[in-house]
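In what follows, a single structure is set out as structure tokens and then discussed.
Numbering (the UniProt record's numbering), first residue to last: 1 to 236.
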């Protein structure tokens, strides 16, 4: 119990410290730049340190499937607080997050997310919220995609939850390819409902892009879910 408490305190300490140190540089970079790329690089510094101090090693497969300069709707499974920093470091491309609006209220962290041109969604507004996200995506700079977790929240047991339609509608209506991502091992490192982490490897599997053109949303959902879930079960 004492060891778990110390681990939880350790990660909380570094999260708060890095937020205090990097908040101002990220906000200044976001306000000074038109694209928000420099602010995104600031989040990569945050992610690298967090994973390093927790003893998390990243293994990345499939980077050859990413075409430089291409905008993607990136869709990934989600089972741990380690998923966002792992993705920020692993993918090597510019994107912005579609984030639940509640995170905007987190002191300093929420403001940094907002000034970095991430997109916030109010899930209680349904179709109106989705329409505002589509408008925000259309205004992003060339070569900048978006990343969503189609499950909508972290899985308790590491297995896939049902997918929501939003990300697939955005890809289809915006004419953007979907980049499916499978994160393997993050649930074992920091499960939902736990504050203590376990050092080890997280494997990011980047799959070939999926064209969203001329496909019903349900077909897209089934195809992407099979891709992400198949790799998750195989690697586990």
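Even glycine gets a Cβ: it sits at the ideal position worked out from N, Cα and C.
Measuring only the C-alpha atoms, how far is residue i from residue j?
| i | j | result |
| --- | --- | --- |
| residue 142 | residue 188 | 36 Å |
| residue 6 | residue 52 | 17 Å |
| residue 14 | residue 197 | 13 Å |
| residue 107 | residue 115 | 13 Å |
| residue 244 | residue 194 | Here the chain has residues from 1 to 236 only, and residue 244 is not among them. |
| residue 105 | residue 226 | 35 Å |
| residue 209 | residue 179 | 5 Å |
| residue 310 | residue 118 | In the structure displayed, the chain extends from 1 to 236; residue 310 sits before or after that span and is not available. |
| residue 217 | residue 133 | 17 Å |
| residue 109 | residue 102 | 11 Å |
| residue 39 | residue 29 | 5 Å |
| residue 18 | residue 43 | 10 Å |
| residue 135 | residue 122 | 14 Å |
| residue 54 | residue 20 | 19 Å |
| residue 32 | residue 233 | 44 Å |
Should residue i and residue j be called a contact, given that it needs their Cβ atoms to be closer than 8 Å?
| i | j | result |
| --- | --- | --- |
| residue 96 | residue 153 | no |
| residue 73 | residue 176 | yes |
| residue 87 | residue 181 | yes |
| residue 112 | residue 27 | yes |
| residue 93 | residue 66 | yes |
| residue 206 | residue 62 | yes |
| residue 166 | residue 220 | no |
Within 10 Å of its beta-carbon, does residue i have 16 or more other beta-carbons around it, so buried, or fewer, so exposed?
| i | result |
| --- | --- |
| residue 16 | exposed |
| residue 41 | exposed |
| residue 158 | buried |
| residue 2 | exposed |
| residue 150 | buried |
| residue 85 | buried |
| residue 200 | exposed |
| residue 148 | buried |
Quick check on this structure: which residue in the options has the alpha carbon closest to the alpha carbon of residue i?
| i | options | result |
| --- | --- | --- |
| residue 70 | 3, 220 and 91 | 91 |
| residue 191 | 133, 184, 81 and 20 | 81 |
| residue 186 | 78, 33, 4 and 23 | 78 |
| residue 174 | 139, 10, 206 and 156 | 139 |
| residue 120 | 130, 131, 213 and 99 | 99 |
| residue 60 | 217, 230 and 204 | 204 |
| residue 75 | 233, 222 and 58 | 222 |
| residue 215 | 168, 31 and 136 | 168 |
Assuming residue i and residue j form a contact by the criterion Cβ under 8 Å, report the distance between their Cβ atoms to the nearest whole angstrom.
| i | j | result |
| --- | --- | --- |
| residue 170 | residue 83 | Between residue 83 and residue 170 the Cβ distance is about 20 Å, and since that is not below 8 Å, they are no contact. |
| residue 45 | residue 24 | The Cβ separation is near 13 Å, so there is no contact. |
| residue 89 | residue 156 | In fact, because the Cβ distance is near 25 Å, the residues do not count as touching under 8 Å. |
| residue 202 | residue 56 | 6 Å |
| residue 231 | residue 172 | Between residue 172 and residue 231 the Cβ distance is about 23 Å, and since that is not below 8 Å, they are no contact. |
Quick check on residue i - is its C-beta less than 8 Å from some C-beta in chain D?
| i | result |
| --- | --- |
| residue 60 | Looking at the structure shown, chain D is missing, and only one protein chain is on hand. |
Quick check: does the Cβ of residue i come within less than 7 Å of any heavy atom belonging to the ligand MN?
| i | result |
| --- | --- |
| residue 99 | The ligand MN is not among the ligands present in this structure, which contains no ligands whatsoever. |
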